[in-house]
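Student: Take this structure, written in structure tokens, and hold onto it; I'll ask about it next.
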């Protein structure tokens, strides 16, 4: 399943589509998008970070029957520009792997991916959605807070390869009718 996305006025020509069909190569694609998307965000996203992403993708039951987990990829022609996922955690969803490659930022793709994941969460009748992030990702934090997420935990911990802040944010969803 895919749909075309309308981009901001300064986007390169070419239709961008959001794809949510799972392909066998998508696990590696998610890791590669994180490697490329976070390369300029500092040393803490090097080293063990891609291994951490690979492990979380493997643990997410993507493409398996009986799970409502889904990933959306923003694609233009043969290029993948970013992704975002909603992971089935029982009665709630987890927003994961929200990333855009640097040249795709500021075009409205992050919001389009976010909206796709949140629409999916609402359709599952989950009570809430949570996400985990870290400090220094200001654009992401602004998107989450502008869309009703609140910080429910902010702790110093050992992250992938060193100390850092683990920030958990939560958004309650409308009760099922």
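Residue numbers (the working numbering): -12 to 164. Don't be surprised by glycine CBs; every beta carbon is placed ideally from N, CA and C.
Assuming residue 139 and residue 116 make a contact with CB atoms under 8 Å, what is their CB distance in whole Å?
Tutor: With 8 Å as the limit, residue 139 and residue 116 do not qualify as a contact, their Cβ atoms being about 12 Å apart.
Student: Is it true that the region 32 to 41 meets the region 122 to 134, where meeting means three or more beta-carbon pairs spaced less than 8 Å apart?
Tutor: Because the criterion of three Cβ pairs below 8 Å is not met, the region 32 to 41 and the region 122 to 134 do not touch.
Student: Can you grab the Cα-Cα spacing for the pair residue 160 / residue 55, in whole Å?
Tutor: Near 16 Å, if we compare the C-alpha coordinates of residue 55 and residue 160.
Student: Who are the near neighbours of residue 10 in its chain, counting only those whose CB is closer than 7 Å to its CB and skipping five residues on each side?
Tutor: Within the same chain, residue 10 has no close Cβ partners at all.
Student: Between 152, 26 and 46, which lies nearest to residue 86 when the distance is taken from Cα to Cα?
Tutor: Of the candidates 152, 26 and 46, the one whose C-alpha sits nearest the C-alpha of residue 86 is 26.
Student: Measure the C-alpha to C-alpha separation of residue 70 and residue 58 and round it to an integer number of angstroms.
Tutor: C-alpha separation (whole angstroms): 7 Å.
Student: DSSP on residue 136, reduced to helix/strand/coil?
Tutor: Residue state, collapsed to three classes: coil.
Student: What does the Cβ neighbour count give for residue 83, buried or exposed, with the cut at 16 atoms within 10 Å?
Tutor: When all chains shown are included, residue 83 counts as buried.
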